[in-house]
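**Q** Before I ask anything, let me first share the structure, which is written out below as structure tokens.
This is the structure in structure tokens:
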């Protein structure tokens, strides 16, 4: 059933791929240009306003052993009519559900014809916005009137595609007697002796729901937990007439599952089988569980309301990033591509990914990989930046998709939070939604009633919050600001939209769930996608690939206080990339310095879905932007950072490891020539998972010439820097760098030595060849210091703009280049470049 079918428009047919979409099928057939390039987005708007038909034939012969035959769609995007052999099977209107249809009386021996017709999602959403009644939202399409990926209608970083298609697999399943309709392993842990993790017992209550072809037969459900040959096995007989059973399994001496940086990630195989007494297996389900406890501490305290993730009774400081669909056509995201993106998150020392509510419930591969790598996941239900009708047919669809996806995803130990919506409570309270609603429902019943009830029933024990931002476990009508820094989770968008990034330090939220700064994609991505001549920040293609309201103005306003605005396009690109990285690194280090009042940050955003200027750390072609390296530095397990405190400066030492960190903090005030003007040394003993604050004496913290001096705070191999003046106002000179690139068999090692102070040295290797990346960036060198950058083939996981994945082998030289290109002035960059070229 997953073979080629036909996509039809205006009497013409094109080969189609399932899983797939209309856009990618037309692209593969050469019928349309790539929607990601130049201004093709506008040229292709007609696709979302058309109806489409998928048609295929398949042979079927009854085997005489099965008596149930069901057509199963894992995903239909979105408004579909399914017809088998001329008879209508179903009508659907929800991208986020699976569907199973009994087709036994419609199948024919021999050839069968399946036709799936998709109505225009744009016209359907428009019609439903009238049928359900107007509800405010933030887009130019009423995405809140249809259960479809909201960002497929465009976003302030996203392309407007509004595609249609069979986006997940379809198959014909035949069975007899009974099948496993759903399996939900609910895990708990009992501590070992002395309340320790050693000797802990893992408990599974495996909830099994059966579909029966006949209610008259007894069946046996068997659950095995552990590796084959060493599994704990329990069998339960399900009597005739019963369709639900809970199978309890205890597993002794389990190893606990931990987030990355806190321990290992042991996973236990679970196999569930159903069979007649003494008969052969009728159906089998397999999955993996991790034994761990999780809670979200939202208790009031003297500072407000906390928001702390606690795993196995260990508070976790969240180093997070928001995740959006990795492609505007999400069926193109393969396991390899998920793996590449999650590896980039790990390289940035990220320990949590928040799956944002304007996207999709990701494929199982995403959560499997997070389980394996110890990356926590926060899953939004799919409501974002809008008010939603609570009337049918929407309400019924919401409940069905919630049950579907909670059942599918609850097995994953990486999943630590279900969240009801993104910014919807905030929107009603602050954005003027309430006035426009005129008393209509807006989704509160979903967030405070329906969704927590589904989670409580199907995934008991997993934390749930009604929305993000959210000011704690309080009724909405109490009048508390849903975005208060003192209570629960906060989103910070005054920064970037209206205020400059040093103002991140004005607030100390309990948990920062969204914040960020824009920057362009990598140079190779930009020039692949946009062919303007000349290419400028305001040229036509650049403006198409900048979706934020007044985005370029905000980029400029956010730059000029820190770096000069260049007129050269290459310098503009580097300046905006560097400024994005500096802004977010400042914010993260500020937040970490206030632990445990603040217990996490989730930067907006890790990834992009197409080539665009955006807040992402990884661009739409999979390139790491400088921001990814800034996050790696700011998220380091051991961090030394200099912060304003009580009218002066302090060194804050952050220790996110399981061992104490002891030593002498050495604080030096140096001139840009490297001469020590003053210094101090203080012994510190920082507890595991702790922080220590060391005030800097006024004499050390007061520069003789703020334009030409800096503070350097060092503890062991870690150091933090404080510049008294912004780069543009400082005495930075043109960089005097000596650099050499040498091949090492796996790529190149580029050694860079500075003869003067050089801020934020980076190697933009993709300019030489798009397949290349440097493994670090944004290293400030004092006079005489050296850094070595490794340049390797990147793990992209896909060819940009193509429907099929590729694997790029890390550790293999894929291109032949002149090594000297890696040390040229277009590639080896620094903040000094921008300041020294500025005519003041």
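Residue numbers (this note's numbering): 478 to 1317. Glycine is no exception: its CB is placed at the ideal position from the N, C-alpha and C atoms. What you are looking at is a predicted structure, and each value in this text was computed from that prediction instead of being measured.
Distance, Cα to Cα, residue 623 vs residue 921?
**A** On the chain shown, residue 623 is found 146 positions in, with the first residue counted as 1. On the chain shown, residue 921 is found 444 positions in, with the first residue counted as 1. If I take the Cα positions, the gap works out to 18 Å.
**Q** If residue 1223 and residue 1292 are in contact, beta carbons under 8 Å, what's the gap, nearest whole angstrom?
**A** As a first step, residue 1223 is located in the chain shown; it is residue number 746 there, counting from the start. As a first step, residue 1292 is located in the chain shown; it is residue number 815 there, counting from the start. Not a contact, Cβ separation roughly 13 Å.
**Q** So, helix, strand or coil for residue 938, using DSSP?
**A** Counting from 1 along the chain shown, the entry for residue 938 is found at position 461. Three-state result, residue 938: coil.
**Q** Taking the continuous alpha helix (DSSP H) assigned at residue 1002, which residues delimit it?
**A** If you number the chain shown from 1, residue 1002 lands on position 525. It spans 1000 to 1006 - the alpha helix (DSSP H) in which residue 1002 sits, taken as one unbroken run.
**Q** Return the CA-CA distance between residue 960 and residue 732, expressed in angstroms with no decimal places.
**A** Residue numbering aside, residue 960 sits at position 483 when the chain shown is read from its first letter. Residue numbering aside, residue 732 sits at position 255 when the chain shown is read from its first letter. Answer to the nearest angstrom: the Cα atoms are 38 Å apart.
**Q** Evaluate the contact criterion for the stretch 788 to 807 versus the stretch 758 to 776: three or more CB pairs, one atom per stretch, below 8 Å.
**A** Yes, since at least three Cβ pairs between the stretch 788 to 807 and the stretch 758 to 776 fall closer than 8 Å, the two stretches touch.
**Q** Starting from residue 688, follow the beta strand (DSSP E) in both directions and report where the run begins and ends.
**A** Here residue 688 is taken as the residue at index 211 of the chain shown, counted from 1. 678 to 689 is the extent of the beta strand (DSSP E) around residue 688.
**Q** Would you call the stretch 1306 to 1317 and the stretch 1206 to 1219 in contact, with 3 or more CB pairs under 8 Å?
**A** Cβ pair count under 8 Å is three or more, so yes.
**Q** If I measure Cβ to Cβ from residue 914 and keep anything under 8 Å in the same chain, skipping five residues before and after, which residues do I get?
**A** Taking the chain shown and counting its residues from 1, one reaches residue 914 at position 437. Closer than 8 Å at the Cβ level, and outside the excluded window around residue 914, lie 612, 613, 864, 905.
**Q** Curious, which full-length beta strand (DSSP E) runs of at least 3 residues does the stretch 529 to 556 contain?
**A** Correct list: 529 to 537, 545 to 550.
**Q** If you draw a straight line from the C-alpha of residue 649 to the C-alpha of residue 519, how long is it?
**A** If you number the chain shown from 1, residue 649 lands on position 172. If you number the chain shown from 1, residue 519 lands on position 42. Taking the straight line from one Cα to the other gives about 38 Å.
**Q** Is the distance from the Cβ of residue 965 to the Cβ of residue 949 below 8 Å?
**A** For the purposes of this step, residue 965 is taken as residue 488 along the chain shown, with counting starting at 1. For the purposes of this step, residue 949 is taken as residue 472 along the chain shown, with counting starting at 1. For residue 965 and residue 949, yes; Cβs fall inside 8 Å.
**Q** Looking at the secondary structure, which residues open and close the alpha helix (DSSP H) in which residue 1178 lies?
**A** Here residue 1178 refers to the residue found at position 701 when the chain shown is read from its first residue. Residues 1175 to 1178.
**Q** Once the 5 residues before and after residue 917 are set aside, which same chain residues still bring their CB inside 6 Å of it?
**A** For this step, residue 917 is matched to residue 440 along the chain shown. 610.
**Q** For the stretch 1134 to 1214, which segments carrying the alpha helix (DSSP H) assignment without a break, of at least 4 residues, lie completely within its bounds, in sequence order?
**A** Here the runs fully enclosed are 1175 to 1178.
**Q** Could you tell me the boundaries of the alpha helix (DSSP H) in which residue 471 lies?
**A** Since the first residue shown for the chain is 478 and the last is 1317, residue 471 is missing from the structure and cannot be characterised.
**Q** For residue 1002 versus residue 1100, is the C-beta distance shorter than 8 Å?
**A** As a position in the chain shown, residue 1002 is number 525, starting the count at 1. As a position in the chain shown, residue 1100 is number 623, starting the count at 1. The answer is yes: Cβ separation under 8 Å.
**Q** Assuming residue 1312 is part of the beta strand (DSSP E), what are its boundary residues?
**A** Here residue 1312 is taken as the residue at index 835 of the chain shown, counted from 1. Premise fails: residue 1312 lies in the alpha helix (DSSP H), 1308 to 1313, not in any beta strand (DSSP E).
**Q** Going by the CB atoms, is the gap between residue 683 and residue 700 shorter than 8 Å?
**A** Stepping through the chain shown from its first residue, residue 700 is reached at position 223. Stepping through the chain shown from its first residue, residue 683 is reached at position 206. In contact: residue 700 and residue 683 (Cβ atoms closer than 8 Å).
**Q** Among 598, 1192, 989, 604, which residue has its Cα nearest to the Cα of residue 1139?
**A** Counting from 1 along the chain shown, the entry for residue 1139 is found at position 662. For residue 1139, the nearest C-alpha among the options comes from 1192.
**Q** In whole angstroms, give me the CA-to-CA distance for residue 1038 and residue 982.
**A** As a first step, residue 1038 must be located in the chain shown, where it is residue number 561. As a first step, residue 982 must be located in the chain shown, where it is residue number 505. Those two C-alpha atoms are separated by around 16 Å.
**Q** Give a yes or no on contact between the stretch 968 to 978 and the stretch 809 to 820, applying the rule of three or more CB pairs nearer than 8 Å.
**A** With a cut-off of 8 Å, the stretch 809 to 820 and the stretch 968 to 978 do not count as touching, because too few Cβ pairs lie within range.
**Q** Closest to residue 1067 by CA distance: which of 1130, 512, 1027 is it?
**A** In the chain shown, the residue the question calls residue 1067 occupies position 590. Of 1130, 512, 1027, the residue nearest in Cα terms is 1130.
**Q** Check whether the stretch 561 to 576 touches the stretch 868 to 881, taking contact to mean three or more Cβ pairs, one atom from each stretch, closer than 8 Å.
**A** The answer is yes - the stretch 868 to 881 touches the stretch 561 to 576, with three or more Cβ pairs under 8 Å.
**Q** Quick one: what's residue 630 bridged to in DSSP?
**A** As a position in the chain shown, residue 630 is number 153, starting the count at 1. Its beta-bridge partners are 637.
**Q** For the pair the stretch 681 to 695 and the stretch 710 to 723, tell me if three or more CB-CB distances fall below 8 Å.
**A** They touch, by the three-pair rule.
**Q** Can you tell me whether residue 753 is helix, strand or coil according to DSSP?
**A** In the chain shown, residue 753 corresponds to position 276, counting from 1. Three-state DSSP puts residue 753 in a strand.
**Q** With distances taken between CB atoms, is the gap from residue 686 to residue 1108 smaller than 8 Å?
**A** One-based indexing of the chain shown puts residue 686 at position 209. One-based indexing of the chain shown puts residue 1108 at position 631. No, Cβ-Cβ distance for residue 686 and residue 1108 is not below 8 Å.
**Q** Which residues does DSSP pair with residue 698 in a beta bridge?
**A** Reading the chain shown from its first residue, position 221 is the one you call residue 698. Paired residues: 713, 751.
**Q** Tell me the rounded alpha-carbon separation between residue 912 and residue 628.
**A** Position 435 of the chain shown, counted from the first residue, corresponds to residue 912. Position 151 of the chain shown, counted from the first residue, corresponds to residue 628. Looking at the two C-alpha atoms, the distance is approximately 25 Å.
**Q** How would you label residue 1026, buried or exposed, when you count the other beta carbons within 10 angstroms and need 16 or more for buried?
**A** Indexing the chain shown from 1 puts residue 1026 at position 549. When all chains shown are included, residue 1026 counts as exposed.
**Q** Helix, strand or coil: which one does DSSP assign to residue 990?
**A** The residue labelled residue 990 in the question sits at position 513 within the chain shown. If DSSP states are grouped into helix, strand and coil, residue 990 belongs with the strands.
**Q** If you run the structure through DSSP and keep just helix, strand and coil, what is residue 1031?
**A** As a first step, residue 1031 must be located in the chain shown, where it is residue number 554. Residue state, collapsed to three classes: helix.
**Q** Can you tell me whether residue 803 is buried or exposed, with buried defined as 16 or more other CB within 10 angstroms of its CB?
**A** Working through the chain shown from its first residue, we reach residue 803 at position 326. Buried: at least 16 other Cβ atoms inside 10 Å.
**Q** Relative to the alpha-carbon of residue 1070, which residue among 798, 1030, 1171, 626 has its alpha-carbon at the smallest distance?
**A** By 1-based counting over the chain shown, the position of residue 1070 is 593. With distances taken between Cα atoms, residue 1070 lies closest to 1171.
**Q** Taking the alpha carbon of residue 977 as the reference point, which residue from 993, 989, 986 has its own alpha carbon closest?
**A** Residue mapping note: residue 977 aligns to position 500 of the chain shown, counting from 1. With distances taken between Cα atoms, residue 977 lies closest to 993.
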